[in-house]
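Protein chains: 2
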Amino acid sequence: MKMSIVVCGRSLEDFLNEIERFHGFRAPGLVLGGFMVDWAQELIGPNVEADAIVETAYCLPDAVQIFTPCTIGNGWLKVLDWDKFAVTLYDRKQLRGYRVWFDLEKARSVPDLYDWYMRRVAKKDLPLEVLLDAILEAGRYVLSSGAIRVTGHFERKKKGNTQICPECGEAYPATQGATCFACQGKGYYERR
Amino acid sequence: MKMSIVVCGRSLEDFLNEIERFHGFRAPGLVLGGFMVDWAQELIGPNVEADAIVETAYCLPDAVQIFTPCTIGNGWLKVLDWDKFAVTLYDRKQLRGYRVWFDLEKARSVPDLYDWYMRRVAKKDLPLEVLLDAILEAGRYVLSSGAIRVTGHFERKKKGNTQICPECGEAYPATQGATCFACQGKGYYERR
Numbered sequence: 003m004k005m006s007i008v009v010c011g012r013s014l015e016d017f018l019n020e021i022e023r024f025h026g027f028r029a030p031g032l033v034l035g036g037f038m039v040d041w042a043q044e045l046i047g048p049n050v051e052a053d054a055i056v057e058t059a060y061c062l063p064d065a066v067q068i069f070t071p072c073t074i075g076n077g078w079l080k081v082l083d084w085d086k087f088a089v090t091l092y093d094r095k096q097l098r099g100y101r102v103w104f105d106l107e108k109a110r111s112v113p114d115l116y117d118w119y120m121r122r123v124a125k126k127d128l129p130l131e132v133l134l135d136a137i138l139e140a141g142r143y144v145l146s147s148g149a150i151r152v153t154g155h156f157e158r159k160k161k162g163n164t165q166i167c168p169e170c171g172e173a174y175p176a177t178q179g180a181t182c183f184a185c186q187g188k189g190y191y192e193r194r
Numbered sequence: 003m004k005m006s007i008v009v010c011g012r013s014l015e016d017f018l019n020e021i022e023r024f025h026g027f028r029a030p031g032l033v034l035g036g037f038m039v040d041w042a043q044e045l046i047g048p049n050v051e052a053d054a055i056v057e058t059a060y061c062l063p064d065a066v067q068i069f070t071p072c073t074i075g076n077g078w079l080k081v082l083d084w085d086k087f088a089v090t091l092y093d094r095k096q097l098r099g100y101r102v103w104f105d106l107e108k109a110r111s112v113p114d115l116y117d118w119y120m121r122r123v124a125k126k127d128l129p130l131e132v133l134l135d136a137i138l139e140a141g142r143y144v145l146s147s148g149a150i151r152v153t154g155h156f157e158r159k160k161k162g163n164t165q166i167c168p169e170c171g172e173a174y175p176a177t178q179g180a181t182c183f184a185c186q187g188k189g190y191y192e193r194r
């Protein structure tokens, strides 16, 4: 399929190449997510300093990180692990913005896309290229958007006091207690 | 300061430029984090498919996302919001790897770095360029590393059943209950 479209300010080829470079492959969820970011960017306009919230940890965080200035590490992107395929861009001062979500009802008319999202089809029975073509052809058609005001999860976390853990000698936030989480047995590793 | 070093397989200039492009500016924590990733990559070697865990949401997740194949959206990077400046790269099959952390005791001999990390100095009293030079000069000197076995937080989350929320009509995981989190009042937005 050939199309001359611009997504997130890029040619389709650049759009797909950047996804592959950052994410490792042209993940369907990330291509779909790119269209969602593209629409949210258009709705909020070019002159707004926007923060982002995504409602799933799958794929969508990378669409925001590739195509907007918001990243996990700079604090402008928040990831809610809700497994809802939705993204919000909002003015970080006014707290007004737009939410774009994958609209399953609209996707019913694109069976490959619907079946993929609902995991009704095995990967081997739906080749990646077929699914990607369906997503590229559908674009915004399977999305919906709404104007919203952000009422929570917009706070920048303040760092508290840092102190030295008496057991491991590492710096940790005082709020964790007399020793750090790892020395409290909540760690994810053992020395070898 | 001029140095001819290679960090994360890049010239210092490319290293700093990629940080700026992704993160918005040359954040000190991200430059320090780049040295941490660089060391962890060297320890684990080039032929290992490594997953990553970072122990803070500040800056360090971006170092991993820029300089390794691991991202939030592809599931190879996990972010623990512990405010500890440490990163682990580990073989995703063997669960063996290396943890690298900012060693505050070692950093005592680099007062600008120590004061910055402990937030003992106002930003206006420690220009970014001075701090960056201190970090570039220190490099691994203010870090420590250890061989570890990962004992938790390595599971890939499995998606559960997806169903339609009877209130908003959006897809959500059945485990959330009869309606989705947003319709249960746990959302972060209101329509406007």
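First to last, the sequence lines map onto chains A and B.
Under our numbering, the very last position in the first sequence is 194; numbers go up by exactly one each time.
Under our numbering, the very last position in the second sequence is 194; numbers go up by exactly one each time.
No residue lacks a Cβ here, since even glycine has one placed at the ideal position from N, Cα and C.
Check	Outcome
Measure the C-alpha to C-alpha separation of F104 (chain A) and L62 (chain B) and round it to an integer number of angstroms.	30 Å
So for E192 (chain B), helix, strand or coil by DSSP?	strand
Assign Y60 (chain B) to one of three DSSP states: helix, strand, or coil.	coil
Buried or exposed: S147 (chain B), going by 16 or more other Cβ atoms within 10 Å of its Cβ?	buried
Using the beta-carbon count (16 or more within 10 Å), is L130 (chain A) buried or exposed?	exposed
Taking the Cβ atom as the reference point for each residue, do H25 (chain B) and G75 (chain A) lie within a distance shorter than 8 Å?	yes
May I have a chain-ordered list of the alpha helix (DSSP H) segments no shorter than 4 residues that lie completely inside the region 128-167 of chain B?	130-140
What would DSSP say about W103 (chain B), mapped onto helix, strand or coil?	strand
Would a check of beta-carbon distances place I137 (chain A) closer than 8 Å to chain B?	no
Quick check: what's the CA-CA separation for L91 (chain B) versus R194 (chain B)?	44 Å
If you run the structure through DSSP and keep just helix, strand and coil, what is K95 (chain A)?	coil
Are G36 (chain B) and F17 (chain B) touching if we call contact CB-CB under 8 Å?	yes
If I follow the unbroken alpha helix (DSSP H) through L14 (chain A), where does it start and stop?	14-25
Is the separation between the beta-carbon of V66 (chain A) and that of V39 (chain A) shorter than 8 Å?	yes
Check for me: the beta strand (DSSP E) holding A173 (chain B) runs from which residue to which?	173-175
According to DSSP, simplified to helix, strand and coil, what is D53 (chain A)?	strand
Helix, strand or coil: which one does DSSP assign to A124 (chain B)?	coil
8 Å is my cut-off, CB to CB: does R194 (chain A) come that close to chain B?	yes
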